[in-house]
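>
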Amino acid sequence: KNKMYPREWNRDVQYRGRVRIQLKQDDGNPCLPQFPTRKSVMLYAAETIPKLKTRTQKMGGSDQSLQQGEGGKKGKGKKKK
């Protein structure tokens with residue numbers, strides 16, 4: 035199906051959709067022994083995504099923007115009623 039999150043800013047076909055996985059076969063056994071639960075799949079994805087080539091290449095240039103943004107932070111004041 036052609037589903038997409040409404041807040042997704044990039045509407046390119048490459049980034050569209052949701053991920054569905056089959057954890058267990060019809061008889062109840064896990065499809066892959068390394069992923070018996072949803073949590074194990076999510077933990078694996080959380081470990082693997084930062085290691086992707088596209089993620090590691092962009093990290094070098096983003097350090098400068100983080101340093102510039104830290105100086106401009108100010109706390110919010112109290113709201114007047």
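Position one of the sequence shown corresponds to residue 35 (my numbering), numbered consecutively onward.
Glycine included, every Cβ here is placed at the ideal spot set by N, Cα and C.
Bear in mind the structure is a predicted one, so any value in this text is a computation, not a measurement.
#1: Ignore the nearest five residues each way along the sequence and tell me which others in residue 45's own chain have a CB closer than 8 Å to its CB.
#2: Relative to the C-alpha of residue 75, which residue among 53, 85 and 113 is closest?
#3: With residue 58 and residue 67 assumed to form a contact (beta carbons below 8 Å), what rounded beta-carbon distance in angstroms separates them?
#4: Report the rounded CA-to-CA distance for residue 78 versus residue 89, giving the unit in angstroms.
#5: Note the first and the last residue of the continuous alpha helix (DSSP H) segment covering residue 82.
In short, the structure shows the following:
#1: 38
#2: 53
#3: Wrong, their Cβ atoms sit about 11 Å apart, outside the cutoff.
#4: 16 Å
#5: 72-82
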